[in-house]
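For reference, the structure is listed below as structure tokens.
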Amino acid sequence: MKPFILAPLVLATGLATAPAIADGIGDMSDAERATFRQEIRDYLLENPEVLIEAINVLEARQAEAAGQQDQQLVLSNADALFNSELDWEGGNPDGDIVLVEFMDYRCGYCRRAYPDVTELIETDGNIRIIIKELPILGEQSVLASRFAISTQQVAGDDAYYDVHDALMNFRGDYTEDSLRRLAEGLELDADAIMGAMESPEVTAVIAANHELAERMQISGTPSFVMGDQLIRGYLPYEQMADLAEELRAAMN
Numbered sequence: 114m115k116p117f118i119l120a121p122l123v124l125a126t127g128l129a130t131a132p133a134i135a136d137g138i139g140d141m142s143d144a145e146r147a148t149f150r151q152e153i154r155d156y157l158l159e160n161p162e163v164l165i166e167a168i169n170v171l172e173a174r175q176a177e178a179a180g181q182q183d184q185q186l187v188l189s190n191a192d193a194l195f196n197s198e199l200d201w202e203g204g205n206p207d208g209d210i211v212l213v214e215f216m217d218y219r220c221g222y223c224r225r226a227y228p229d230v231t232e233l234i235e236t237d238g239n240i241r242i243i244i245k246e247l248p249i250l251g252e253q254s255v256l257a258s259r260f261a262i263s264t265q266q267v268a269g270d271d272a273y274y275d276v277h278d279a280l281m282n283f284r285g286d287y288t289e290d291s292l293r294r295l296a297e298g299l300e301l302d303a304d305a306i307m308g309a310m311e312s313p314e315v316t317a318v319i320a321a322n323h324e325l326a327e328r329m330q331i332s333g334t335p336s337f338v339m340g341d342q343l344i345r346g347y348l349p350y351e352q353m354a355d356l357a358e359e360l361r362a363a364m365n
């Protein structure tokens, strides 16, 4: 019998509390212990739903504990999450809710989330968004992120947004040639952007985001922080909008 199931089962049979039973088992004779075990077995066979109920309660408690831990991670890393000057910011700069996205251009779920995030920012109108480049899916991911960050540092936030949008909708491999063509197609200074991709300033942004992700125990993309909530993975537009409203309700 798994240890986590014992306490609910003992309570369900009405025999005693878990600590008392644990102490009492050692004082039982072999016959008493066998009877006790048989009573538990018979009860479970007659009421198998107790197992499901106990497991559901356990999972709910574990989820609550994990949520509280994630909230503490957000709180302890709030300055790096919300006040860094290294990352691109968009949406409403005075928004009452801040949405932080850790993303990778080669991440399929990041691409799936992109139109949902865009719709949320546009329809809500009161959310500030911060993009944290977190290339974790190989050399092409790093190349694309370096290109995007270099674009921001060389040509500014508007150019970054155009490049970010283009990279999220790009089909094919990220190579120096394809990125140069992308920059030229957007009428950007491709030589300047490509020349700064390996700069210490670009490297510093990626390193800072990786260090932050490690502290936040984020190992995959997309990952989001909305308010004090850490969202690990893709979340559809409707659920993100609902969460925004829940956060606003909690503020009042």
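Residues in the sequence shown are numbered from 114 upward in steps of one, following my numbering.
Every residue, glycine too, gets a C-beta built ideally from N, C-alpha and C.
Bear in mind the structure is a predicted one, so any value in this text is a computation, not a measurement.
Would the beta-carbon of residue i fall within 8 Å of that of residue j?
| i | j | result |
| --- | --- | --- |
| Pro349 | Phe215 | no |
| Ala303 | Val267 | no |
| Ile319 | His277 | no |
| Phe337 | Leu212 | yes |
| Ile242 | Gly204 | yes |
| Met353 | Leu186 | no |
| Leu256 | Tyr227 | no |
| Gly208 | Asn239 | yes |
| Tyr218 | Ser263 | no |
| Leu299 | Ala279 | yes |
Consult DSSP for residue i and reduce its assignment to one of helix, strand or coil.
| i | result |
| --- | --- |
| Leu164 | helix |
| Leu348 | coil |
| Gln265 | helix |
| Leu212 | strand |
| Phe260 | helix |
| Ser254 | helix |
| Ala125 | A caution first: Ala125 carries a pLDDT of 45, below 50, which makes its placement in the model too unreliable to give a value. |
| Leu299 | coil |
| Glu311 | coil |
| Phe337 | strand |
| Leu247 | coil |
| Ile240 | strand |
| Gly221 | helix |
Expressed to the nearest angstrom, what Euclidean distance is found between the alpha-carbon atoms of residue i and residue j?
| i | j | result |
| --- | --- | --- |
| Met339 | Glu159 | 46 Å |
| Leu360 | Leu199 | 26 Å |
| Asp290 | Ile210 | 39 Å |
| Arg294 | Ala272 | 15 Å |
| Cys368 | Asn169 | The structure shown does not extend to residue 368, since the chain is modelled only from 114 through 365, so no value can be given for it. |
| Arg345 | Asp183 | 10 Å |
| Glu235 | Ala357 | 13 Å |
| Val163 | Gln181 | 27 Å |
| Glu429 | Thr231 | No answer is possible for residue 429: the residues shown for the chain start at 114 and end at 365. |
| Gly333 | Tyr347 | 10 Å |
| Pro206 | Gly251 | 32 Å |
| Asp355 | Ala362 | 11 Å |
| Asn282 | Ile249 | 18 Å |
Can you tell me whether residue i is buried or exposed, with buried defined as 16 or more other CB within 10 angstroms of its CB?
| i | result |
| --- | --- |
| Glu314 | exposed |
| Gly285 | exposed |
| Ala261 | buried |
| Pro116 | At Pro116 the pLDDT is 39, less than 50, meaning the model places this residue with poor confidence; the figure from the coordinates comes in the next sentence. Classification for Pro116: exposed. |
| Ser254 | buried |
| Ile165 | exposed |
| Met364 | exposed |
| Gln265 | buried |
| Ser369 | In the structure as shown, the chain begins at 114 and stops at 365. Residue 369 is therefore absent and cannot be evaluated. |
| Asp155 | exposed |
| Ala296 | buried |
Fill in: the segment 186-193 / the segment 323-331 touching (three or more Cβ pairs under 8 Å)
yes
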